[in-house]
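Trainee:
2 protein chains.
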Amino acid sequence: MKGLDRAACRAWAERVRATYERWLRRLVEIPSVSSDPARSADVARVARAAGELVRSVGGRARVVATGGHPMLVGELAGPPGAPRLTLYNHLDVQPADRAAEGWSSEPFRLVRRRGRYFGRGTTDDKGPALAALFGAVAARDAGVPVTVKLLWEGEEEIGSPHLARTLRRLGRSVETDAVVISDSAWLTRTVPTVTAGLRGWQGFLFRLETGDADAHSGIVGGAVRNPLGELMDLACALHDPRSGRVKVPGFYDDVRPLTAREREEFRRSGFTVRAFRRDNRVRRLRSADPLEVMERTWARPTFEVHGLVGGHQGPGLKAVVPARAELKASCRLAPGQDPARVAALVAGFARRHNRDVDVEVAPGGSPATRWDPTDPLAAAVRVAVEFAFGRAPAFVRDGGTIGAVGSMREILGCPVGFLDLSLPDHGYHGPDENFEWPQAEGGIAAFARLIREWGAARNAGPRARLAPSRASGAGPAGPDRRRAREAPRRSP
Amino acid sequence: MKGLDRAACRAWAERVRATYERWLRRLVEIPSVSSDPARSADVARVARAAGELVRSVGGRARVVATGGHPMLVGELAGPPGAPRLTLYNHLDVQPADRAAEGWSSEPFRLVRRRGRYFGRGTTDDKGPALAALFGAVAARDAGVPVTVKLLWEGEEEIGSPHLARTLRRLGRSVETDAVVISDSAWLTRTVPTVTAGLRGWQGFLFRLETGDADAHSGIVGGAVRNPLGELMDLACALHDPRSGRVKVPGFYDDVRPLTAREREEFRRSGFTVRAFRRDNRVRRLRSADPLEVMERTWARPTFEVHGLVGGHQGPGLKAVVPARAELKASCRLAPGQDPARVAALVAGFARRHNRDVDVEVAPGGSPATRWDPTDPLAAAVRVAVEFAFGRAPAFVRDGGTIGAVGSMREILGCPVGFLDLSLPDHGYHGPDENFEWPQAEGGIAAFARLIREWGAARNAGPRARLAPSRASGAGPAGPDRRRAREAPRRSP
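Chains as they are written, first to last, in the working numbering: chain A, 31 to 522; chain B, 31 to 522.
1) In chain order, which continuous runs of the beta strand (DSSP E) of length 3 or greater are located wholly inside the region 422 to 446 of chain B?
2) Return the residue from the list A91/A, D155/A, L117/A that minimises the CA-CA distance to F465/A.
3) Is the beta carbon of H269/A sitting closer than 8 Å to the one on F333/A?
4) Straight-line CA distance for Y118/B to G157/B?
5) Could you check if A364/A is buried or exposed, using at least 16 other CB atoms within 10 Å of its CB as the buried criterion?
6) Quick one: which chain A residues come within Cβ less than 7 Å of V323/B?
7) Tell me whether W231/A sits in a helix, a strand or coil according to DSSP, three-state version.
8) If P403/A sits next to F379/A, beta carbons under 8 Å apart, how far is it from one beta carbon to the other, in whole angstroms?
9) Going by C-alpha distance, which of H342/B, R439/B, D386/B, A487/B is nearest V413/B?
10) Roughly how many angstroms lie between the CA atoms of L102/A and R78/A, to the nearest whole one?
11) Where does Y458/A fall in DSSP's three states?
12) Short check: CB of G341/B to CB of H336/A, under 8 Å?
13) Kindly provide the ranges of any alpha helix (DSSP H) runs that are 4 or more residues long and lie completely inside the region 131 to 200 of chain A, ordered along the chain.
14) Taking the alpha carbon of P406/B as the point to measure from, which residue in D428/B, E186/B, W484/B, K358/B has its own alpha carbon closest?
15) Near S70/A, which residues of its chain fall below 6 Å by C-beta distance, leaving aside the five closest residues on each side in sequence?
16) Give a yes or no on whether 8 Å exceeds the smallest Cβ distance from L106/A to chain B.
17) Given this structure, state the Cα-to-Cα distance separating E51/A from L57/A, to the nearest angstrom.
18) Whose Cβ in chain B lies nearer than 8 Å to the Cβ of R362/A?
19) Given a threshold of 16 other Cβ atoms within 10 Å of its Cβ, counted over all protein chains shown, does D207/A qualify as buried or as exposed?
20) For the region 301 to 330 of chain B, which residues have a CB atom closer than 7 Å to at least one CB atom of chain A, in sequence order?
21) Starting from the beta carbon of P158/A, find every residue of chain B whose beta carbon is closer than 9 Å, and list them in chain order.
22) How far does the beta strand (DSSP E) with A76/A in it reach, from first residue to last?
23) Indicate whether at least one CB of chain A lies closer than 8 Å to the CB of R75/B.
24) Under the three-state reduction of DSSP, which class applies to Y50/B: helix, strand or coil?
25) Using DSSP with H/G/I as helix, E/B as strand and the rest coil, what is T327/B?
26) Where do the ends of the beta strand (DSSP E) carrying D388/B lie?
27) State the DSSP-derived secondary structure class of L264/B, mapped to helix, strand or coil.
28) Examine chain A for any beta-carbon lying closer than 8 Å to the beta-carbon of L258/B, and answer yes or no.
29) Assuming contact is defined by CB atoms lying nearer than 8 Å, are E463/B and G97/B in contact in what I supplied?
30) Should R45/B be labelled buried (16 or more other beta-carbon atoms within 10 Å of its own) or exposed?
31) Is it true that the region 309 to 326 of chain B meets the region 234 to 244 of chain B, where meeting means three or more beta-carbon pairs spaced less than 8 Å apart?
32) So if I threshold CB-CB distances at 7 Å, which residues from the region 259 to 271 of chain A count as touching chain B?
33) Thinking just about the alpha-carbon of each residue, which of A490/A, V174/A, Y282/A, T431/A is nearest to the one in G248/B?
34) Going by DSSP, what residue range makes up the alpha helix (DSSP H) through V376/A?
35) Are at least three pairs of beta-carbons, each pair with one atom in the region 369 to 377 of chain A and one in the region 254 to 263 of chain B, less than 8 Å apart?
36) In the DSSP output, what is C39/B paired with across the bridge?
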C-alpha cells in the first residue's frame, strides 16, 4: 500500500470491503429522510453512527447542531502544518415509498442483487461518502501528509438551509484549503465525468392587481384590465418563449463564453440527446444538436416561467376576469453574471414595461460557479480519476444551482471541486436506487490518489495557486481568505 | 281598472298588495338554491307553491320535470285565437350564508326594513316574477284579449342546462308569439333601462405538452420547450393583453357597429364609470370614458384569458419546467359574429402559430342577441315602462350571455325582450338582497300596460312585424317559425 499504485489500492480496498459493506448497510438502514419531520430522529441517528465509524478508523468526529438536522464534522489529522482537504458528502436521503414508487425490495433494507447494493441512499450519497472516507484512510495509511476533514451534511436534500450559518459559527474548526464534493453521476457508465461548473439562479415574482374581486367577463370583459393577460404580455416582453432568448437589454453582457477546451470536454462526455430525453422524461426540445443542448442547459442563462397563478384553475372554463395574478419565474445564470445585476436589469425592465406590476426579487440569488480546469485541485482530480477508472474524465457542467457549493466557496474561501462516483443507472432519487462495488473500489482509489496528488502540489507549488477562484464571494476573512485576496486573478 | 290608466293601476295594485307580500314571503322563505344538491327538494317545492299561486288567480299551472330542477309552466288564457305573450322568470336563487356574506338578517326569512323586503330571491327573481304575474292578472281583469303564458325556471342560476331540451319536448304547449324576461337591474335608481342586447360567447382550451413529467429547470432549462411560456406567446399572438385588441385577421369583419341611436340610448342610461367600478369591485380600466366603457363591455367582442394551468401554483417559487399546460380563454361576441366562424378563425390562427398546440373549441358557443328597438315588442315595452315609471327607458345592453335567451329565440322562434324591474342597490347575488313595493307596483302597471299595448299591436299590425329577429337560429319549424322565414329581413 506504500506506493499507492493501482494494484496496491485494489488490494487494500478488497481487504476493507467487508467493513465498507457493513457500514453501508448500517447507514442505509437508517431512514434519514430530511424532508420528513417524522424522520428527524433518524437523521440525527445517522450522524451519530457515521461519527462512530470515523472514530473507528482513527479519526475525530463530532455531531454538530445546526438549528435543523445535525451535521457530522470529522477529521483524519495529518502532521502539523499539513494542507487541509475537506470531503463534503451528505447523510440525508430522499423519501422512498416501496409501493408508490415501485421498488423491487424494501427501500430501507440493504439488499444485494446482481452484484449491486440496493436501497435508498446507496448512491446518494452514503456509498460515495464511505468511498471518500476509506480513500482518505488509505492515503493516511500510506503516509500521505494531508489533513482530511469531513463535512457530512444532514440537510442536502432540502437545500442546505442551515449550512452557511453553521460554517460561519464553526469558524476556525472548519478552515480548509480545498473542498471536494462527491454527489453527482456520470453521464454514461463508461466515460467518467466531473462537474466543473454550476449555473446560478435568481428568482422573480411579478404581481398585478386590477380589482378587489374576480369579475364576470360578460359584465366587465373588454373594459377591465386582465392581470393574467398583462403578465403574459410582460413574460413575452422579457423573453421569447419559443426560442428562449432573453430580450432584456444587457442581460447577456457579462456571460463568459465557453472556451474551445470546455466545448471539447463536453463533446467527449458521452452526452446524448436520447439519454437526456429519457432521463428527464422530456420530449420537445429547442434543438436536436447534442452540443447545443449541453450548452443551453449547462452554460447559457435562461428566463423560465414556472407558473401563472390567478383566475380559474379547475376543469373546463369559468369566464372570470381575475382581480389579481402572480407570475413565477426565474433565471438560471451563466458564469460571469452577477445575480444582483441581473435582478436589477429584469426588475427595471419589467417596471418600465408595465408600471403597475409589482416586482419581487426573490431571496436566494446565487452566482454560477465555474471550476477552472487548470486549477491544481482540478488537475489532481483529473489524475486521480484516470488512475482509478482507467480513463481521463470529461469536465462537464451541471445546469442546476447547489447552494452548498456557493456557501462553501464564500465562507471557506477556497476552491470547491467535484469527484463524482455515481452512474446514470443508479436510480438517483428514484426507485431501486443502487450502488456497486466497482465504483466504491474506484472511488477509494481515486480519493486516495487525489489526496496524495493534491497534497504534493500544495506542498510543492506556490501557495497562491490554491487560492479561491474569482467566483467566490465575500466571506469572513480568515487566514486563507486573506491569502486569497492577495492571489493573482486567474484568467477566466 | 277598466281603462288601465295609471291611477287605476295603482289602486288595483294597492288592493292586491297584501296578497303580493304574502306570496313573496312564502316564495322567499323556501330556500330554492339550485346550485346546492341538498336544496333540490326546495327548488321543487317553490315550483309547486308558485303553481298554487297561479291557480289561485284563475290560471292553469303545472310543474314540469326537466331532468334537473323542475320548471313551472302556467297560463292565463285569453279568448280563443288571442296572441300569446310568455313571461319568463325564475324561482331558483343564489346561495346565501348569513355569517360569511354579512347579512343583517336571515337570508331565507322575509324581513321588512326601511320600506323594503329583504331576503334571498326578493329581487332575483321572485319579486319581479310576482309583479309580472300580477300585471297579467290586472290586464286580464281589464279584459285585454291576450293569452299570457308563464315559464318560471328552476335552473337559471346554474345556466339553464335543461331549458332547451324541455322546451323542445313541450312543443305546442309552450308555443308563443313573444317572450318578455324580467330578470335584470337598472343602472341607476332614476333612469329605467331595458336590456336590448346580449353578447355571445365562444370558449377555447389550448393545450401543449412537451414532456411526460415536470422537469427541473436547472437540469433541462434552456433546452426543453416550456409549455407555459409557449401558451403565453400564443395568447399574446391572438390578442394584445394591454389594449384588448384581437389580432386574429378577420375577427372583427362581421361586427355590426352601434347605431347613433343606440349610442344615444347608452348616453342617457345613467351609466357612470364610478358606479361600474364600485359595483363590480374593479379598479384598473382600459378607458375612463363612460361611453367607451359601455361600448367595450356591451357591444365589442373580446378575447379574454381566464387561467393558465400548469407548473407551480403554490406559494413562493419552485423551479419547474412543466410537462404540460392548458390555457383557458373565451371570446365575447358582438352582434353579427357567428360563433362557429370565430371558433374556426381563432383555432386556425392558433394552429398555424404553434402547430404543436392542441385547440379545443368549447361546446356552448352562442351568438350575440340584439333586440331591434323598432320591434313592436320593444315599442310596447318602451310605452309600458314610461307609463309605469314616468320616464322613457334607455335601451342598453348587457355584456353577458344568457343561454336561456338564445334557447328561447331559437326554439320558440319569436322575439325575446326584457322589462327590467330591479334597482342597482337591490343586492343582486350579494348580502341583504332586497326588493321594494314601488318597483313591484310599477312592475304590475308596466306589465299590465305592456300586455295591452303589445296585444293591440299584434291584433292590428301585420303579423310579419312580430317575426323573430335575424339573430335567432334554426329551431324546430312551428307555424310561427315558418312565418319568420317569410318575413322581410330587418335592417341591422
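Idealized CB from N, CA, C, for every residue including glycine.
Mentor: This is what the structure gives:
1) 424 to 428
2) D155/A
3) yes
4) 13 Å
5) buried
6) A253
7) strand
8) At roughly 35 Å, the Cβ-Cβ gap does not stay under 8 Å, so P403/A and F379/A are not in contact.
9) A487/B
10) 8 Å
11) coil
12) yes
13) 157 to 171, 193 to 200
14) W484/B
15) none
16) no
17) 10 Å
18) S247, G248, G251, G252
19) buried
20) N310, R311, V312, R313, R314, L315, R316, S317, V323, R326, T327, R330
21) Within chain B, no residue comes near P158/A; the closest Cβ sits about 19 Å away, beyond 9 Å.
22) Residue identity differs from the one stated: residue 76/A is Val in this sequence, not Ala. Element bounds for V76/A: not the beta strand (DSSP E) but the alpha helix (DSSP H), 70 to 86.
23) no
24) helix
25) helix
26) 388 to 391
27) helix
28) yes
29) no
30) exposed
31) no
32) G259, E260, M262, D263, A265, C266, P271
33) T431/A
34) 369 to 383
35) no
36) DSSP, once it has assigned bridges, lists no residue as partnering C39/B.
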